[in-house]
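Undergrad: Residue numbers (our numbering), protein chains in the order written: chain P, 1 to 461; chain C, 462 to 922.
#1: Relative to chain C, which residues along the region 34-62 of chain P have a C-beta separation below 7 Å, given in chain order?
#2: With a CB to CB cut of under 7 Å and the five nearest residues on each side skipped, what residues in its chain are close to residue 820 of chain C?
#3: Taking all protein chains shown into account, decide if residue 765 of chain C is buried (16 or more other Cβ within 10 angstroms of its Cβ) or exposed.
#4: Can you look up residue 134 of chain P in the DSSP assignment and give me helix, strand or coil?
#5: If you draw a straight line from the C-alpha of residue 791 of chain C to the C-alpha of residue 768 of chain C, how long is it?
#6: Could you name the residues of chain C that residue 304 of chain P contacts, counting a contact when the two beta carbons are closer than 9 Å?
#7: Using a Cβ-Cβ cut-off of less than 7 Å, give me the residues of the region 827-843 of chain C that come near chain A, in sequence order.
#8: Could you give the C-beta distance for residue 20 of chain P and residue 75 of chain P, rounded to a whole number, given that I count them as a contact under 8 Å?
#9: Under 8 Å by Cβ, that's how I've got residue 292 of chain P and residue 81 of chain P pegged, so tell me the actual separation to the nearest angstrom.
#10: Take residue 326 of chain P and list the residues in its own chain whose beta-carbon comes closer than 7 Å to its own, dropping the five residues that flank it on each side.
#11: Just the C-alpha distance for residue 738 of chain C and residue 695 of chain C, rounded to the nearest angstrom, thanks.
#12: Assess contact between the region 427-439 of chain P and the region 389-405 of chain P, defined as three or more Cβ pairs (one per stretch) separated by less than 8 Å. Is contact present?
#13: Scan the region 302-333 of chain P for residues whose Cβ lies nearer than 9 Å to a Cβ of chain C and list them as they occur along the chain.
#14: Under 8 Å Cβ to Cβ from residue 878 of chain C, same chain only, skipping five residues before and after it: list those, please.
#15: Residue 854 of chain C to residue 529 of chain C, Cα distance in whole Å?
#16: Is any beta-carbon of chain C found at less than 8 Å from that of residue 428 of chain P?
#17: Check the C-beta distance from residue 756 of chain C over to residue 872 of chain C and give it rounded, since I have them as a contact under 8 Å.
#18: Name the DSSP beta bridge partners of residue 477 of chain C, please?
#19: Between residue 272 of chain P and chain C, is the shortest Cβ-Cβ distance under 8 Å, so that the two count as touching?
#20: Which word fits residue 65 of chain P, buried or exposed, when buried means at least 16 other C-beta atoms lie within 10 angstroms of its C-beta?
#21: Since residue 468 of chain P contacts residue 162 of chain P with CB under 8 Å, what's their CB separation in whole angstroms?
#22: Return the Cβ separation of residue 317 of chain P and residue 338 of chain P in integer angstroms, given the expectation that the two are a contact with Cβ distance under 8 Å.
#23: Assess, as a yes-or-no matter, whether the region 84-91 of chain P is touched by the region 114-128 of chain P under the definition of 3 or more beta carbon pairs within less than 8 Å.
#24: Are the CB atoms of residue 122 of chain P and residue 197 of chain P within a distance shorter than 8 Å?
#25: Pull up the CB-CB distance for residue 494 of chain C and residue 609 of chain C, whole angstroms please, since I reckon it's below 8 Å.
#26: Closest to residue 595 of chain C by CA distance: which of C/606, C/587, C/887 and C/730 is it?
#27: Going by other Cβ atoms of all chains shown within 10 Å of its Cβ, with 16 needed for buried, is residue 301 of chain P buried or exposed?
#28: Below 8 Å, can you find three or more Cβ-Cβ pairs linking the region 169-188 of chain P to the region 226-242 of chain P?
#29: List the residues of chain P that residue 616 of chain C touches, going by C-beta distances under 7 Å, in chain order.
#30: Taking just the CA atoms, how far does residue 856 of chain C sit from residue 600 of chain C?
#31: How big is the Cα-Cα spacing for residue 512 of chain C and residue 533 of chain C?
#32: Can you tell which of C/602, C/708, C/498 and C/835 has the C-alpha that lies nearest to the C-alpha of residue 628 of chain C?
#33: Strictly by DSSP, which residues pair up with residue 8 of chain P?
#34: Is residue 849 of chain C close to chain P, meaning its C-beta is less than 8 Å from at least one C-beta of that chain?
#35: Could you please give the first and the last residue of the uninterrupted alpha helix (DSSP H) stretch that includes residue 83 of chain P?
#36: Quick one: is residue 728 of chain C near chain P, going by C-beta distance under 8 Å?
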């Protein structure tokens, strides 16, 4: 492993951070950054670097990085591009462990001279550099947070096991915001922008060994070395499932991607082929990205046979449609299960798949049905529709679903559609690690991806 | 028009309502119904019908419908199936204008004898009957509300111009809840269940003339007379765009649909062909249903050329991808527009499509760019990405987007991705009639449907 990647851990868990461009002027990037570290309760020391001040928001401020009297692990730079190489040199001299360059104005505007200098300095000082032209990193475990967007506008997710690697800052930040909104936890957020010194391959290599990361989201616009990426995807995906999304797929969109991060977007078909070869799960939209990533925390299914439980007939029909659509199978229950399920249903009910518990069903009916299906060897996964709007469904359902998930016998997807009441319920589920979907199709699509990944893993053995 | 359809207007705007099965016992359907009418501020008189009481929740209660001393327009029945024909006879004798049968226990459990009797009575008394086995109707204008789910669990949408016709009650109710959550207004909600006396064709015929309805959502499981439905879809879709969704598409899902509302789900391919022939917009999921319906309130575009505005490069790339994906065109600006747009951008910006206003862009930049694009004859529609998380974007953007929509020159879709802050902003837009999407792909898919519909309408002329 590259010396720089070993040091990269300090960028995510620095004992001290210096913010170059730190400023008391409201709404300046250097000000938002300072506030995010202070308000976000960063666990280490904070320093500002700015020749104009001796103190910024109560934090000591120095003219240059080399003037800081104490140890500095991570330096965040938010000053004009021209000033960046000089500051990086200072970082090298100071013995910093890593640098995040948020500033734009490099490859993406054809200033390859500046970009080359950044690359050289990274090698010369064995200094991991993230960026330039990026949002940098966010680590909910240590509260390192170089996302220069105010917290009241952009929520930060809590700790979890999903790492999110993205070229685009804008897309990256919205995903961070959404993850927080859905109650999804992350291990690390890395927006690497132009990827001048370290790129997506380095991040995969780093995350492969990262103990807090179990699932990886990879959001790409263009890459410099497709062959190397394929290698790393193959290697890492076996251990930690990768969900990838490629932006800048076609003609004019490619041009837009190029002017965005200065990378060649390349032929989308080549990416698609690489994803397939590495058995990386590809998402075609931001919705799919979320839908897919949240199922990969579930146990791997043994096959494609899905059992559906519902308290609304129509939603059962839609789920069965989705199972067909996605090439999954509607499970046939064992005879023992049929007998057991019959006892759960009302007298006029009939045992089928979907199993329609009808609108009168309470939480107990769900609990019993889930127990039967978990024990049935003819069933590989469960899709559980809960219409929370019916009178007998109360919050105990969250406990039942959470427990079913925690037992980790078979993968579960839950489906609930509705307004505020339902949204609150879904967020409660998500925060307990129960994958919750707003539609049958989204849930079953995700199940399909998990099933494909599981099949591939079985074949590898 | 069938005499019964003329009377149907009274079901949506009754001067008085009788709730058969009205009850003071909490959580009973007859109790939830009473409460929904009382708490929902229904504008007419309310009566309960139940031999056990003389008063229910402060409302006068009578043993039979025929005992009510005053005029009764609409009767809602929530008593066991066996009792329903007798009560309908009473309704006929009483001169009621319409009946909603919520109770199940008819065709869907092979009690065709009871179903046939319902049908006969409807014809004999020229009485429009909605149901059985349904949620009935909700009209936000008059607050008629037979959805027997409590309001704290299932929100009701405000008044609008979208009618929602559904067989399934469960799916229907979740859609009502979602519509309310998104701030979408509806004209009428009709869950017609088994469609024994009146079915989807009758509803289309009725809605064609309904002044409050301009867009129709049609959610089907199975229909009895496909040929008649095709005829009505063709006729109505020309005047009022229909967004249709078919559930119970395949093998086992069809069986589930059958036991659900007692209708034969039929060959999905036949439905698909019928939708195509009638140029009805088909949604493949509940997400699409919402995504599509909200764009049909926009002016029809003259062609497929889309201009994209964004304050986040990566989201612009995704939008361009979606435009390619959906077979739309990335517009080439006129020379005059290019000149004008250059002045809006910062010095380092470049005029492209997507137009990247960059993260520093304020609301003024959006306002100016929109004005230029509205005047450009090379542009047919606008996709406007707003990352609300950037510091310069404040709530004035809502006014700018609303005004652009209100001018009704070209269709607009807006795209914003994010957590709570963004969600609040999106709901504000929706409530003002600005279509707002959570992803570029969803927005462009909808634009494509509107464009297809517009092209078909142009050809008809």
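Yeah, the Cβ is synthetic: ideal placement off N, Cα and C, and Gly gets one too.
TA: Taking the geometry as given:
#1: Answer in chain order: no residues at all.
#2: To locate residue 820 of chain C, count along the second chain from 1; it is residue 359. The beta carbon of residue 820 of chain C sits closer than 7 Å to those of 772, 773 and 851, all from its chain and outside the five residues before and after it, given in chain order.
#3: Taking the first residue of the second chain as 1, we reach residue 765 of chain C at position 304. Around the beta carbon of residue 765 of chain C, a 10 Å sphere encloses 16 or more other beta carbons of the protein chains shown; the residue is thus reported as buried.
#4: For the purposes of this step, residue 134 of chain P is identified with residue 134 of the first chain, where counting begins at 1. In the structure shown, residue 134 of chain P sits in coil (DSSP, three-state: anything other than H, G, I, E or B).
#5: Indexing the second chain from 1 puts residue 791 of chain C at position 330. Indexing the second chain from 1 puts residue 768 of chain C at position 307. Taking the straight line from one Cα to the other gives about 6 Å.
#6: Translated into the one-based positions of the first chain, residue 304 of chain P becomes position 304. The contacting residues do not exist; residue 304 of chain P stays about 14 Å from chain C at best.
#7: In the structure shown, chain A cannot be found, because the protein chains are P and C.
#8: As a working note, residue 20 of chain P is residue 20 in the first chain. As a working note, residue 75 of chain P is residue 75 in the first chain. Confirmed, about 6 Å.
#9: In the first chain, the residue the question calls residue 292 of chain P occupies position 292. In the first chain, the residue the question calls residue 81 of chain P occupies position 81. Going by Cβ atoms, the distance from residue 292 of chain P to residue 81 of chain P rounds to 36 Å, so no, they are not a contact pair.
#10: Taking the first residue of the first chain as 1, we reach residue 326 of chain P at position 326. Around residue 326 of chain P: 444, 445 and 448.
#11: As a position in the second chain, residue 738 of chain C is number 277, starting the count at 1. As a position in the second chain, residue 695 of chain C is number 234, starting the count at 1. C-alpha of residue 738 of chain C to C-alpha of residue 695 of chain C: approximately 8 Å in a straight line.
#12: The region 427-439 of chain P, when compared against the region 389-405 of chain P, does touch it at the 8 Å Cβ threshold.
#13: Those residues of the region 302-333 of chain P that come within reach of chain C (Cβ to Cβ, closer than 9 Å) are 308, 310, 311, 312, 313, 314, 315, 316, 317, 318, 319, 320, 321, 322, 323, 324, 325 and 330.
#14: Here the question's residue 878 of chain C lines up with position 417 in the second chain. Residues of the same chain with a CB within less than 8 Å of the CB of residue 878 of chain C, apart from the 5 flanking positions on each side, are 776, 848, 899 and 900 in chain order.
#15: As a working note, residue 854 of chain C is residue 393 in the second chain. As a working note, residue 529 of chain C is residue 68 in the second chain. When rounded, the distance between both Cα atoms is 60 Å.
#16: One-based indexing of the first chain puts residue 428 of chain P at position 428. Chain C, which has no Cβ nearer than 8 Å to the Cβ of residue 428 of chain P, makes this no.
#17: For the purposes of this step, residue 756 of chain C is identified with residue 295 of the second chain, where counting begins at 1. For the purposes of this step, residue 872 of chain C is identified with residue 411 of the second chain, where counting begins at 1. Here residue 756 of chain C really is in contact with residue 872 of chain C; their C-beta atoms are around 7 Å apart, less than 8 Å.
#18: On the second chain, residue 477 of chain C is found 16 positions in, with the first residue counted as 1. Residue 477 of chain C is bridged to C/506.
#19: For the purposes of this step, residue 272 of chain P is taken as the residue at position 272 of the first chain. False, the Cβ-Cβ gap to chain C never drops below 8 Å.
#20: Residue 65 of chain P sits at position 65 when you count from the first residue of the first chain. Buried is the call here.
#21: There is simply no residue 468 of chain P to check, as chain P begins at 1 and stops at 461 in what is shown.
#22: Along the first chain, read from residue 1 onward, the residue named residue 317 of chain P stands at position 317. Along the first chain, read from residue 1 onward, the residue named residue 338 of chain P stands at position 338. Contact flag wrong, Cβ pair sits at about 20 Å.
#23: With a cut-off of 8 Å, the region 84-91 of chain P and the region 114-128 of chain P count as touching, because enough Cβ pairs lie within range.
#24: The count along the first chain starts at 1 and reaches residue 197 of chain P at position 197. The count along the first chain starts at 1 and reaches residue 122 of chain P at position 122. Yes, the pair counts as a contact, with Cβ atoms nearer than the cut-off.
#25: For this step, residue 494 of chain C is matched to residue 33 along the second chain. For this step, residue 609 of chain C is matched to residue 148 along the second chain. The C-beta distance from residue 494 of chain C to residue 609 of chain C rounds to 5 Å, short enough to meet the 8 Å contact threshold.
#26: Stepping through the second chain from its first residue, residue 595 of chain C is reached at position 134. Relative to residue 595 of chain C, the option among C/606, C/587, C/887 and C/730 whose CA is nearest is C/606.
#27: Working through the first chain from its first residue, we reach residue 301 of chain P at position 301. When all chains shown are included, residue 301 of chain P counts as buried.
#28: Two segments are said to touch when three or more pairs of C-beta atoms, one from each, lie closer than 8 Å; by this definition the region 169-188 of chain P does not touch the region 226-242 of chain P.
#29: Residue mapping note: residue 616 of chain C aligns to position 155 of the second chain, counting from 1. Correct list: 419 and 420.
#30: Position 139 of the second chain, counted from the first residue, corresponds to residue 600 of chain C. Position 395 of the second chain, counted from the first residue, corresponds to residue 856 of chain C. Going by the C-alpha atoms only, they are around 32 Å apart.
#31: For the purposes of this step, residue 512 of chain C is taken as the residue at position 51 of the second chain. For the purposes of this step, residue 533 of chain C is taken as the residue at position 72 of the second chain. The straight-line gap separating the alpha-carbon atoms of residue 512 of chain C and residue 533 of chain C is approximately 18 Å.
#32: Along the second chain, one-based indexing puts residue 628 of chain C at 167. Ranking C/602, C/708, C/498 and C/835 by Cα distance to residue 628 of chain C puts C/708 first.
#33: Counting from one through the first chain, the residue named residue 8 of chain P turns up at place 8. Its beta-bridge partners do not exist; DSSP assigns none.
#34: Position 388 of the second chain, counting from 1, holds the residue named residue 849 of chain C. Residue 849 of chain C counts as touching chain P.
#35: If you number the first chain from 1, residue 83 of chain P lands on position 83. Counting along the chain, residue 83 of chain P sits inside no alpha helix (DSSP H), nor does DSSP assign it H or E at all.
#36: If you number the second chain from 1, residue 728 of chain C lands on position 267. Closer than 8 Å: no.
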